[in-house]
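Residue numbers 48 to 501, in our numbering, belong to the letters of the sequence shown in order.
Glycine included, C-beta positions come from ideal geometry on N, C-alpha and C.
Below is one structure, written out as structure tokens, with a few remarks after it.
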Amino acid sequence: MSGVVDGTTAVAEETPPMPPRGRGASRDVWVGAAVAAAVALFAGAAPLGDVVGISAVAVAAAIVGVLGWRTPAVRAPLFLAFALRTVAALTQAYVTTLPGSGLDAVGFEAYGWAWSRDGWRGLQDAFKTGAMLYSWVIAVLYWITTRSPLLIQMVNVLLGTLVVYNVFRIARLLWGEGPARRAAWIAAWFPTLVLFSAITLRELMVGYPLTLGALWVVRWRQSGRVGWLAGVLGAFGIAIAFHTAMLGAMAYLVVAVILWAGRALARGEAATSLRAIVGLTGVVGLLAFVILTGWGGTDPRWWLIMLASLDPVRGQQAGGWLDRTDYLRTMVTETPIDLLWQLPIRTVFFLYMPFPWFVRAVVDLVGLVDAGLYAWLSYHLVRGFRNVWRMPAAREVFFLASAVTLLFALVVSNYGTAIRHRGKIAPLLIAVAASAFHRPPRGSQLVGDPTAAP
Numbered sequence: 048m049s050g051v052v053d054g055t056t057a058v059a060e061e062t063p064p065m066p067p068r069g070r071g072a073s074r075d076v077w078v079g080a081a082v083a084a085a086v087a088l089f090a091g092a093a094p095l096g097d098v099v100g101i102s103a104v105a106v107a108a109a110i111v112g113v114l115g116w117r118t119p120a121v122r123a124p125l126f127l128a129f130a131l132r133t134v135a136a137l138t139q140a141y142v143t144t145l146p147g148s149g150l151d152a153v154g155f156e157a158y159g160w161a162w163s164r165d166g167w168r169g170l171q172d173a174f175k176t177g178a179m180l181y182s183w184v185i186a187v188l189y190w191i192t193t194r195s196p197l198l199i200q201m202v203n204v205l206l207g208t209l210v211v212y213n214v215f216r217i218a219r220l221l222w223g224e225g226p227a228r229r230a231a232w233i234a235a236w237f238p239t240l241v242l243f244s245a246i247t248l249r250e251l252m253v254g255y256p257l258t259l260g261a262l263w264v265v266r267w268r269q270s271g272r273v274g275w276l277a278g279v280l281g282a283f284g285i286a287i288a289f290h291t292a293m294l295g296a297m298a299y300l301v302v303a304v305i306l307w308a309g310r311a312l313a314r315g316e317a318a319t320s321l322r323a324i325v326g327l328t329g330v331v332g333l334l335a336f337v338i339l340t341g342w343g344g345t346d347p348r349w350w351l352i353m354l355a356s357l358d359p360v361r362g363q364q365a366g367g368w369l370d371r372t373d374y375l376r377t378m379v380t381e382t383p384i385d386l387l388w389q390l391p392i393r394t395v396f397f398l399y400m401p402f403p404w405f406v407r408a409v410v411d412l413v414g415l416v417d418a419g420l421y422a423w424l425s426y427h428l429v430r431g432f433r434n435v436w437r438m439p440a441a442r443e444v445f446f447l448a449s450a451v452t453l454l455f456a457l458v459v460s461n462y463g464t465a466i467r468h469r470g471k472i473a474p475l476l477i478a479v480a481a482s483a484f485h486r487p488p489r490g491s492q493l494v495g496d497p498t499a500a501p
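Laid out in structure tokens, this is it:
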């Protein structure tokens, strides 16, 4: 209570009431015991694989919860992204088969289970980079725990949610918090990003390190520090290990670092020139390692054949001629000149197939919606391209996405495959196009936040 004594105000401190004891505390104990009993009953009655899978859901939820708690600005889209992907994964595990989880998804999981039963020595013998590295990762997880497809799906769910988080971080560095939140919402809802986060395919094993590398590209371009460049090399090296086409990212990086070194030398900046030379040495060294060792599953002789002819490219193009979803059967790359005029056409088909007049079945409508979203992203990218071009770090992410897109477009000739591969690029396109998702007040301009926590 308070009162006035000698003209001054005195406030008496009161001891807060003690929480009631007895029935309330007893109820909490009983609730806790009931929850523990339910968990124990589930663990005892459910198959071990289901227990491991549900435990993975809990662990992933805890990780996403911590990220959301630490970054309030992205909390809602991050939680939505996790919820959508988890529901899709549980649907795939217990209700019905999702689109895209056909032979490839079944094969990856089956090989992983078979290898896991061979013991640690068998796992060592089975290790190889390329597509089957994903099966090897599955095998290691199964060897540690037990066979649980939901566990593998939840790894993808977590990585898919972290991709949304990376989209927010990239866009915040480039454009500020408002556009970054909108970019995160779009990435959270993006249908194919949700789908490929919920099934046993290697898409997130490639897509997550690609977005992480893009984030560190922005950090490197804004700070000029070689340490960020080392992180980019590590991220791209992991992406290449799962898919050789990520060499498009390395090709971009070689050009970017050469230009960085050239600018530094031209300006006579000794310290920056030294850092650029160190960075260039690291990039060239990793590229040589990938080519000479077959990292990513490509035989080193493949590169010699590529120098002599374009047979490997033609083989990849023909490999997509499977059914009614293929395209450009008559467009075969015979000479280097063909690359110049075919690449723009192939890029349009890669990003926007199926066109409306190609729709022949209900399943094609899924592809049509996906293609429509890329057309929408392209519109916003063009609309905000002046902002992109004025910001060096945004240009770097755009060039990175373009390099990966061009390499995929060159070898893909089936829109079912295109949907999978362009999903790896969608997060980068969303982050770069984010400048057009937000209209700043009149007279102001978009400003990124280079001091945001990495």
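Taken in chain order, the complete beta strand (DSSP E) segments of 3 or more residues contained in the stretch 127-168 number zero; there are none. Counted as a single uninterrupted DSSP element, the alpha helix (DSSP H) harbouring Pro391 occupies residues Pro383 to Tyr399. Leu415 sits away from Val429, with the two beta carbons spaced by 9 Å or more. As for any beta strand (DSSP E) of minimum length 3 sitting wholly inside the stretch 198-232, there is none.
Cα atoms of Pro196 and Thr143: separation of roughly 14 Å, rounded to the nearest angstrom. Closest in C-alpha terms to Leu257, from the list Lys471, Ala483, Ala422 and Ala481, comes Lys471.
Sixteen is the threshold: when 16 or more other Cβ atoms of the shown chains lie within 10 Å of the Cβ of Pro124, as they do, the residue is buried. At a Cβ-Cβ threshold of 9 Å, Phe215 and Val121 count as neighbours. Approximately 4 Å separates the beta-carbon atoms of Ala483 and His427; this is inside 8 Å, confirming the contact. Beta bridge pairing from DSSP links Asn434 with no other residue. Counting along the chain, Arg310 sits inside the alpha helix (DSSP H) bounded by residues Leu294 to Arg314. At a Cβ-Cβ threshold of 9 Å, Val330 and Met297 count as neighbours. Counting C-beta atoms within 10 angstroms of its own C-beta, Asp172 has fewer than 16 neighbours from the protein chains shown and is therefore classed as exposed. For Gly463 and Thr372, the gap between their C-alpha atoms comes out near 6 Å.
The Cβ neighbour count for Trp232, taken over all protein chains shown within 10 Å, is at least 16; the residue is labelled buried. Taking a contact as a CB-CB distance under 8 Å, the pair Tyr181 and Leu209 does not count as one, their CB atoms being some 17 Å apart. In this structure the stretch 147-166 does not touch the stretch 258-277; the number of beta carbon pairs closer than 8 Å is below three. Under DSSP, Asp373 shares a beta bridge with Asn461.
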